[in-house]
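Asks:
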Amino acid sequence: MAGSCREIVTLQLGHYSNFIGTHWWNIQDSSFAYNPNAVATNEINHDVLFREGCNPSGEVTYTPRLLLFDLKGSLNTLKQNGQLYDVPDAAEDLQWGSDVTMHKAETLPKNDYLQDLEKLDSYEVDERDEGGDKEDQVKEPSSNQPPMFGKRLHHLDDQVRVWSDFLRLHLHPKTVHVVQQYWHDSDSEIFDVHNLGESVVNDHHTHNEIEDRLHFFLEECDNLQGLHILCDPGNGFGGMAAKLAEELSDEFASKSIVVIPAHEPEYTKKPQSESAVSLVSNMLSYSSLLEHASAVIPLSVSPCLFTPSFSNPFPHLSPKFNLAYHSSAVLACAVESLSLPYRRLGPDSCLMPHLTEALTPAGRKLLNLQMALPFPGQPDVLFDETLSGLGDRLPWRSLTPYCHRNQEVDGGQSVVFQGVELHSGTQSCEKSLLEYLQKINSSPSAVTTLKKACNVTEPFPHFFNTEVSSKGLLSAVHRDSNTGVESVPLLTSLQSSSGVSAILDQMLQRTKKVELRKLHRCEKAGLDEDAFKECVVRLQSLHEEYSL
């Protein structure tokens, strides 16, 4: 377990990041199960991100090595301490110097999917009771599901309000930290300014609570290779992420910290003051994160920030990107894929620090991500023929704002392809990909290939067009609308490119119109003019590094 791998601890900060994280953990959970007398066929070392434990009843547990943060009222039916360990949700002491407003959170009944999950849990408990010793059980890809899951499709678009409404796996009692000072979707206690997050972390009681939870996961790691930080950068969670990244980089200077700022697409025009506060918070977050992280990978389904956008970059998807449930699913596939090089089993695996060092020459830590979802493979068409048919066109679309798929890659790229077993060819998929990449781009490329495609079983959204088969291939015979897509071949490219600096340029250009003295929310949160000017100077300096 822990001693046989290089562990990673993950932090998720913010409601949208928790949507992404929930899909991501669901994708991983769908690829393995405890199954007696099975032969392990995994390509992925799940122990990198998951931990084995034991609850008070003596049952073996397998949960993400995860600490997530959200606001009060954001959990809905999820118990803060989970269900695996039967730990009661104790009311945390609220030691906060400001005025406190009392709220009552509305808890809705569990949706059909969560109710079926409860039945699944009961089914698996019965199976384990009949299956013998837990030590003989092997984690392997799951194939059989209990009768109640059968062929039923759960349509959750109108049922998902928060991320826990589609969480399919159990969490450790130390995982969920609720920020007690603010309420989710509150009109009066808004967690919208970067500095509010810094104040939360600096609060003595809260800091001790966070440190206790975080070190629980960190100290049980024998060979920690690094940390993931998913965060919402345009509000208080960006401030929390920046503060924690600073502390972690000091404490674990030799470890890699990969930060993924996640930007939820905007579909309505915000009031000018609200948009300005978001811009300022984003700038403060990026300024600090780029200083303390090993790599920063901005992700969004939107091509731009701070303005409404309605584009869908994926030709074989019909998503409702106004739903966080949909847009976050796309980004979760990206996070799953980009992290595979340092999570895979076997001699071809690399370490997170090696990957980040290779992709951040001269300290240029800002990276961009491209993805083909799904990769446009077809039945009975060779993999190299599919690549050849693309010509100079690239199959992927950018998931980093202000970047485009044809931009020059001048600092290297890490390319990952999932779904080799679905594609035959005259040579290996890895060799075909390398030849293709060398033809269209002279930048050095590291290619990682996996046999299995990316799992997109429920509760992943049903937004694939009917030309996408249940196995993710493009077919002339359209899939029945009552049949879901189980997996899809996936191609991503994590790139070091000068073009990614456009996100900094956009922030700096928009800053010229910001009058901080008129942003009373920022002033009240403790941001002064001098600190903001220092932030602007740092971002200008970082932006200039991409022009050298």
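Mapping to UniProt numbering: the sequence shown position 251 is 251, numbers consecutive. Idealized CB from N, CA, C, for every residue including glycine.
Going by the CB atoms, is the gap between residue 9 and residue 217 shorter than 9 Å?
Replies: Along the sequence shown, read from residue 1 onward, the residue named residue 217 stands at position 217. Along the sequence shown, read from residue 1 onward, the residue named residue 9 stands at position 9. Going by C-beta atoms, residue 217 is nearer than 9 Å to residue 9.
Asks: Could you say which of 351, 246 and 167 lies nearest to residue 45 if we only look at CA atoms?
Replies: In the sequence shown, residue 45 corresponds to position 45, counting from 1. It is 351 whose Cα lies nearest to the Cα of residue 45.
Asks: Any C-beta of chain B sitting closer than 9 Å to the C-beta of residue 271?
Replies: The chain inventory of the structure shown lacks chain B, comprising one protein chain alone.
Asks: Please classify residue 125: is it buried, with 16 or more other beta-carbons within 10 angstroms of its beta-carbon, or exposed?
Replies: Here residue 125 refers to the residue found at position 125 when the sequence shown is read from its first residue. The pLDDT assigned to residue 125 is 49, lower than 50, so where the model puts this residue is not dependable, and the model offers no usable value.
Asks: Taking the beta carbon of residue 528 as the centre, do at least 16 other beta carbons fall within 10 Å, making it buried, or is it exposed?
Replies: One-based indexing of the sequence shown puts residue 528 at position 528. Its Cβ having fewer than 16 others within 10 Å, residue 528 is exposed.
Asks: In whole angstroms, what is the alpha-carbon distance linking residue 532 and residue 378?
Replies: Taking the sequence shown and counting its residues from 1, the one referred to as residue 532 is at position 532. Taking the sequence shown and counting its residues from 1, the one referred to as residue 378 is at position 378. About 52 Å.
Asks: If I follow the unbroken beta strand (DSSP E) through residue 81, where does it start and stop?
Replies: Counting from 1 along the sequence shown, the entry for residue 81 is found at position 81. Note, residue 81: premise wrong, no beta strand (DSSP E); not H, not E.
Asks: Threshold first: 3 residues or longer. Then list the beta strand (DSSP E) segments lying entirely within the stretch 193–251, N to C.
Replies: Listed in chain order, they are 226–231.
Asks: Ordered along the chain, which non-local residues of its own chain (more than five positions away) have a Cβ less than 6 Å from that of residue 223?
Replies: Taking the sequence shown and counting its residues from 1, one reaches residue 223 at position 223. 6, listed in sequence order.
Asks: Is residue 511 helix, strand or coil by DSSP?
Replies: By 1-based counting over the sequence shown, the position of residue 511 is 511. It is helical.
Asks: So, is residue 155 buried or exposed, given that buried needs 16 or more other C-beta atoms within 10 angstroms?
Replies: For this step, residue 155 is matched to residue 155 along the sequence shown. By the neighbour-count rule (16 or more Cβ atoms within 10 Å), residue 155 is not buried but exposed.
Asks: From what residue to what residue does the beta strand (DSSP E) around residue 368 run?
Replies: Residue 368 sits at position 368 when you count from the first residue of the sequence shown. Element bounds for residue 368: 368–372.
Asks: At 3 residues or longer, and completely inside the stretch 321–387: list those beta strand (DSSP E) runs for me, N to C.
Replies: Listed in chain order, they are 368–372.
Asks: Indicate whether residue 49 and residue 66 have their beta-carbon atoms separated by less than 9 Å.
Replies: For the purposes of this step, residue 49 is identified with residue 49 of the sequence shown, where counting begins at 1. For the purposes of this step, residue 66 is identified with residue 66 of the sequence shown, where counting begins at 1. Taking 9 Å as the Cβ cut-off, residue 49 and residue 66 qualify as a contacting pair.
Asks: So residue 164 is in the alpha helix (DSSP H); what residue range does that whole segment cover?
Replies: Counting from one through the sequence shown, the residue named residue 164 turns up at place 164. Here residue 164 belongs to no alpha helix (DSSP H), and DSSP marks it neither H nor E.
Asks: In angstroms with no decimal places, state the Cα-to-Cα distance between residue 292 and residue 382.
Replies: Position 292 of the sequence shown, counted from the start, is the residue given in the question as residue 292. Position 382 of the sequence shown, counted from the start, is the residue given in the question as residue 382. Spanning the two alpha carbons is a distance of roughly 44 Å.
Asks: What residue range is occupied by the uninterrupted beta strand (DSSP E) comprising residue 450?
Replies: Walking along the sequence shown from the start, residue 450 turns up at place 450. Taken as a continuous stretch (DSSP letters only), the beta strand (DSSP E) holding residue 450 covers 445–450.
Asks: If you draw a straight line from the C-alpha of residue 510 to the C-alpha of residue 198, how long is it?
Replies: Counting from 1 along the sequence shown, the entry for residue 510 is found at position 510. Counting from 1 along the sequence shown, the entry for residue 198 is found at position 198. Taking the straight line joining both Cα atoms gives about 24 Å.
Asks: How many Å lie between residue 239 and residue 427 at the Cα?
Replies: Translated into the one-based positions of the sequence shown, residue 239 becomes position 239. Translated into the one-based positions of the sequence shown, residue 427 becomes position 427. Approximately 49 Å between the Cα atoms of the pair.
Asks: To the nearest angstrom, report how far apart residue 386 and residue 433 are at their CA atoms.
Replies: Position 386 of the sequence shown, counted from the start, is the residue given in the question as residue 386. Position 433 of the sequence shown, counted from the start, is the residue given in the question as residue 433. Straight-line Cα distance between these residues: approximately 11 Å.
Asks: Ignore the nearest five residues each way along the sequence and tell me which others in residue 18's own chain have a CB closer than 7 Å to its CB.
Replies: Sequence index remark: in the sequence shown, residue 18 carries index 18 (1-based). Closer than 7 Å at Cβ, skipping near neighbours: 12, 68, 70 and 163.
Asks: Would DSSP call residue 429 helix, strand or coil?
Replies: Mapped onto the sequence shown, residue 429 falls at position 429. Helix.
Asks: Is the stretch 333–345 touching the stretch 306–321 in the sense that three or more CB pairs, one from each, lie closer than 8 Å?
Replies: The stretch 306–321 is not in contact with the stretch 333–345.
Asks: Return the bridge partner residues of residue 63 from the DSSP annotation.
Replies: Numbered from its first residue, the sequence shown carries residue 63 at position 63. Answer is 51.
Asks: Can you give me the start and stop residues for the alpha helix (DSSP H) that residue 552 sits inside?
Replies: This structure gives no information on residue 552, because the portion of the chain shown stretches from 1 to 548.
Asks: Quick check on DSSP: helix, strand or coil for residue 293?
Replies: Counting from one through the sequence shown, the residue named residue 293 turns up at place 293. The answer is coil: DSSP assigns residue 293 none of H, G, I, E or B.
Asks: Looking only at its chain, what residues have a beta carbon closer than 8 Å to the beta carbon of residue 410, apart from the 5 residues adjacent to it on each side?
Replies: Within the sequence shown, numbered from 1, the residue matching residue 410 stands at position 410. Counting only Cβ-Cβ distances below 8 Å, and skipping sequence neighbours, we find 443, 496, 497 and 498.
Asks: Between the stretch 391–404 and the stretch 460–474, do three or more beta carbon pairs fall short of 8 Å?
Replies: As far as the Cβ criterion goes, the stretch 391–404 does not touch the stretch 460–474, which means the pair count is below three.
Asks: How far does the alpha helix (DSSP H) with residue 560 in it extend, from its first residue to its last?
Replies: Because residue 560 is not part of the residues shown, which for the chain are 1 to 548, the question remains open.
Asks: Could you check how far apart the C-beta atoms of residue 316 and residue 465 are, in whole angstroms? I think they sit under 8 Å.
Replies: In the sequence shown, the residue the question calls residue 316 occupies position 316. In the sequence shown, the residue the question calls residue 465 occupies position 465. The Cβ separation is near 5 Å, so the contact holds.
Asks: Mapping the DSSP letters down to three states, classify residue 453 as helix, strand or coil.
Replies: Taking the first residue of the sequence shown as position 1, residue 453 is located at position 453. In this structure, residue 453 counts as coil in the three-state DSSP scheme.
Asks: Can you have a look at residue 14 and say buried or exposed, based on whether 16 or more other CB atoms are within 10 angstroms of its CB?
Replies: Along the sequence shown, read from residue 1 onward, the residue named residue 14 stands at position 14. Its Cβ being crowded by 16 or more others within 10 Å, residue 14 is buried.
Asks: Can you list, in chain order, the residues of its chain with a C-beta nearer than 6 Å to that of residue 483? Leave out the 5 residues immediately preceding and following it.
Replies: Sequence index remark: in the sequence shown, residue 483 carries index 483 (1-based). Result list for residue 483: 470, in chain order.
Asks: Please report the distance separating the alpha-carbon of residue 179 from that of residue 354.
Replies: Stepping through the sequence shown from its first residue, residue 179 is reached at position 179. Stepping through the sequence shown from its first residue, residue 354 is reached at position 354. So the alpha carbons of these two residues sit roughly 34 Å apart.
Asks: On the DSSP letters alone, give me the boundaries of the alpha helix (DSSP H) that residue 520 sits inside.
Replies: On the sequence shown, position 520 is the one that residue 520 refers to. Run containing residue 520: 520–525, per the alpha helix (DSSP H) assignment.
Asks: Taking Cβ to Cβ, would you say residue 284 is nearer than 9 Å to residue 228?
Replies: Against the sequence shown, residue 284 aligns to sequence position 284. Against the sequence shown, residue 228 aligns to sequence position 228. Contact flag unset, no.
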